[in-house]
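A quick write-up on the structure given underneath.
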Amino acid sequence: MHERTNPDAPGFEHSGADRREYERQAATAPPSVEPSAAAIELANRLFDFARTGAEAELAAYLDAGAPLMMRNAAGDTFLTLAAYHQQPGTVRMLLERGADLEAANDRGQRALTCAVFKQDAESTRLLLDAGADPDAGEPTARATAQMFGWAEFAQLLAEREPR
Numbered sequence: 016m017h018e019r020t021n022p023d024a025p026g027f028e029h030s031g032a033d034r035r036e037y038e039r040q041a042a043t044a045p046p047s048v049e050p051s052a053a054a055i056e057l058a059n060r061l062f063d064f065a066r067t068g069a070e071a072e073l074a075a076y077l078d079a080g081a082p083l084m085m086r087n088a089a090g091d092t093f094l095t096l097a098a099y100h101q102q103p104g105t106v107r108m109l110l111e112r113g114a115d116l117e118a119a120n121d122r123g124q125r126a127l128t129c130a131v132f133k134q135d136a137e138s139t140r141l142l143l144d145a146g147a148d149p150d151a152g153e154p155t156a157r158a159t160a161q162m163f164g165w166a167e168f169a170q171l172l173a174e175r176e177p178r
């Protein structure tokens with residue numbers, strides 16, 4: 016299949032077949048839909064629930080069909096936000112629902128690194144017990160503990176063999 020490139024763009028060399036393919040793809044492409052103000056407001060409320068530990072409220076929306084792996088403008092998931100904001104109850108609830116342990120935000124950070132960075136031992140243990148990789152992401156959770164000299168977290172992570 017041809018890459019969808021505008022044949023009217025300067026420097027685009029095209030044949031009639033290229034133009035027809037572009038026009039066919041343009042005609043069958045799904046319309047671009049911008050979220051409504053209400054949808055954006057609801058998404059922001061859900062991210063706030065993750066940040067503040069309003070786990071029952073967030074769970075109710077997830078159970079009603081809100082996407083577990085929704086991301087904010089920075090690429091953060093609910094799990095990343097809950098870990099960063101030291102909300103182990105919310106971390107547990109999200110893990111029980113199958114949140115992706117290794118989802119990285121736009122900066123390469125993962126939930127485990129966030130929990131270590133915020134020195135949240137309970138969330139760190141929950142994430143490790145669920146199988147989070149202490150050597151994944153940028154920076155890694157292991158590198159974060161070492162960089163700040165946090166012996167408790169270095170020990171927690173040392174109990175997990177590097178992958």
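Numbering (my numbering), first residue to last: 16 to 178.
The C-beta atom is built at its ideal place from N, Cα and C for all residues, glycine as well.
Check                                                                                                                                                                 : Outcome
Go through its chain and collect everything with a Cβ distance to Arg66's Cβ below 7 Å, but skip five positions before and after it.                                  : Leu96, His100
Report yes if the CB atom of Leu172 is closer than 8 Å to the CB atom of Pro149, and no otherwise.                                                                    : yes
Let me confirm a value: Glu49 is counted as buried when at least 16 other C-beta atoms fall within 10 Å, else exposed. Which label applies?                           : exposed
Taking the alpha carbon of Phe163 as the point to measure from, which residue in Ala53, Gln134, Val106 has its own alpha carbon closest?                              : Gln134
Looking at the structure shown, is Ala136 part of a helix, part of a strand, or coil, going by DSSP?                                                                  : helix
Report the residue from Asp78, Leu141, Asn59 whose alpha carbon sits nearest the alpha carbon of Ala88.                                                               : Asn59
If you follow the alpha helix (DSSP H) that Arg125 is in, where does it begin and where does it stop?                                                                 : That residue, Arg125, is in no alpha helix (DSSP H); it is neither H nor E in DSSP.
Is it buried or exposed, Pro46, if we count other Cβ atoms within 10 angstroms and call 16 or more buried?                                                            : exposed
Cutting at 7 Å between CB atoms, please list the residues of its own chain near Ala130, excluding the five before and the five after it.                              : Ala98, Ser138, Thr139, Leu142
If we ignore side chains and look at the alpha-carbon of each, how far apart do Arg122 and Thr43 end up?                                                              : 34 Å
Nearest CA to the CA of Met84: which residue from Asn120, Ala147, Thr159?                                                                                             : Asn120
Is it the case that the Cβ atoms of Met108 and Glu70 are separated by a distance below 8 Å?                                                                           : yes
Which residues in the same chain as Ala145 place their Cβ atom closer than 7 Å to its Cβ, once the five residues preceding and following it in sequence are excluded? : Leu110, Leu116
Could you check whether Leu127 and Ala156 sit closer than 8 Å to each other, using their CB atoms as the reference points?                                            : yes
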